[in-house]
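K.L.:
Okay, so the sequence shown: first residue is 1 according to our numbering, each after it adds one.
No residue lacks a Cβ here, since even glycine has one placed at the ideal position from N, Cα and C.
Note that the coordinates shown come from a computational prediction; the quantities given were computed from them, not determined experimentally.
Structure incoming, see below.
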Amino acid sequence: MDTIENQYMDLNILSKWQEKIDLLEDLLNVSAILIMKLHPHELEVFVSSRNENNPYLIGDRGELNIGSYCDSVVASNAKVYIEDASKDDLWKHKTKCNSGMYCYLGLPIFYPNEELFGTLCVLNQESRDFDDLDQKLVDYFKESIESDLLIDKQNEIIRNTAIH
Numbered sequence: 001m002d003t004i005e006n007q008y009m010d011l012n013i014l015s016k017w018q019e020k021i022d023l024l025e026d027l028l029n030v031s032a033i034l035i036m037k038l039h040p041h042e043l044e045v046f047v048s049s050r051n052e053n054n055p056y057l058i059g060d061r062g063e064l065n066i067g068s069y070c071d072s073v074v075a076s077n078a079k080v081y082i083e084d085a086s087k088d089d090l091w092k093h094k095t096k097c098n099s100g101m102y103c104y105l106g107l108p109i110f111y112p113n114e115e116l117f118g119t120l121c122v123l124n125q126e127s128r129d130f131d132d133l134d135q136k137l138v139d140y141f142k143e144s145i146e147s148d149l150l151i152d153k154q155n156e157i158i159r160n161t162a163i164h
């Protein structure tokens with residue numbers, strides 16, 4: 001399998017992801033929603049919601065292991081929910097490396113082979129309680145993104161078969 005760094009991504013899928021992320025932002029009304037792609041030593045903003053108060057740009061990169069919320073998702077391969085970082089002893093001193101965002105809901109995104117692709121991140125500049133319905137909605141979008149990765153992998157196999 002190709003490494004994460006050089007894997008081809010279908011532009012139609014990226015376009016679908018942008019639409020999904022923008023829709024999720026409309027539904028949740030938060031500061032930013034991101035799809036972060038994992039690289040060997042950093043995370044890249046791969047897709048970013050297009051709302052006005054979103055400080056993240058597509059292509060932005062950040063080192064791993066600096067105390068970012070996404071670091072904790074990558075390290076645990078599990079959902080991380082921080083309702084209010086200012087009231088959490090683990091996170092209250094790390095808001096600077098998280099662009100001043102105080103609320104975070106992040107989920108790991110996996111390739112079909114269960115290798116980590118990156119994270120789906122929901123961020124807000126103020127504390128926020130994501131109820132069960134909000135979290136189910138984010139889970140649904142994560143699963144949809146993983147389904148797209150499966151389709152992309154199947155299309156890659158078809159392309160490679162057609163070439164040989």
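Taking all protein chains shown into account, do 16 or more other C-beta atoms lie within 10 angstroms of the C-beta of Lys-92, making it buried, or fewer, making it exposed?
P.N.:
exposed
K.L.:
Along the chain, where does the beta strand (DSSP E) that runs through Leu-116 open and close?
P.N.:
116–124
K.L.:
Here's a check: name, in chain order, each residue in its chain whose Cβ is nearer than 8 angstroms to the Cβ of Glu-42, leaving out the five neighbours to either side.
P.N.:
Arg-61, Gly-62, Glu-63 and Leu-64
K.L.:
Helix or strand or just coil, what does DSSP make of Val-80?
P.N.:
Val-80 falls in the strand class under three-state DSSP.
K.L.:
Am I right that Asn-124 and Cys-103 are in contact with their C-beta atoms under 8 angstroms? What's the rounded C-beta distance?
P.N.:
4 angstroms
K.L.:
Assuming Phe-165 contacts Gly-106 (C-beta within less than 8 angstroms), just tell me the rounded distance between them.
P.N.:
Because the chain here runs from 1 to 164, residue 165 falls outside it and cannot be looked at.
K.L.:
Should Asn-160 be labelled buried (16 or more other beta-carbon atoms within 10 Å of its own) or exposed?
P.N.:
exposed
K.L.:
Alpha carbon to alpha carbon, how far is Ser-48 from Pro-55? Give it in angstroms, no decimals.
P.N.:
9 angstroms
K.L.:
Do you know offhand how far Glu-25's Cα is from Ile-163's?
P.N.:
About 40 angstroms.
K.L.:
Whole angstroms is fine: what's the gap from Lys-136's alpha carbon to Lys-79's?
P.N.:
12 angstroms
K.L.:
How big is the Cα-Cα spacing for Arg-50 and Lys-16?
P.N.:
14 angstroms
K.L.:
Applying the criterion that 16 or more other CB atoms from any shown protein chain within 10 Å of the CB defines a buried residue, is Lys-142 buried or exposed?
P.N.:
buried
K.L.:
For Ser-127, which of Ile-33, Cys-70 and Ala-85 has the nearest alpha-carbon?
P.N.:
Residue Ala-85 is the option with its Cα nearest to Ser-127.
K.L.:
What would DSSP say about Val-138, mapped onto helix, strand or coil?
P.N.:
helix
K.L.:
By Cβ distance, which residues of its chain are closer than 7 angstroms to Asp-134, with the 5 residues on each side in sequence left out?
P.N.:
Leu-28
K.L.:
Could you pull out every residue in the same chain whose Cβ sits closer than 7 angstroms to the Cβ of Ala-75, ignoring the five residues on either side in sequence?
P.N.:
none
K.L.:
State the CB to CB distance for the pair Asn-155 and Asp-10, rounded to an integer number of angstroms; the pair is presumed to be in contact (CB under 8 angstroms).
P.N.:
6 angstroms
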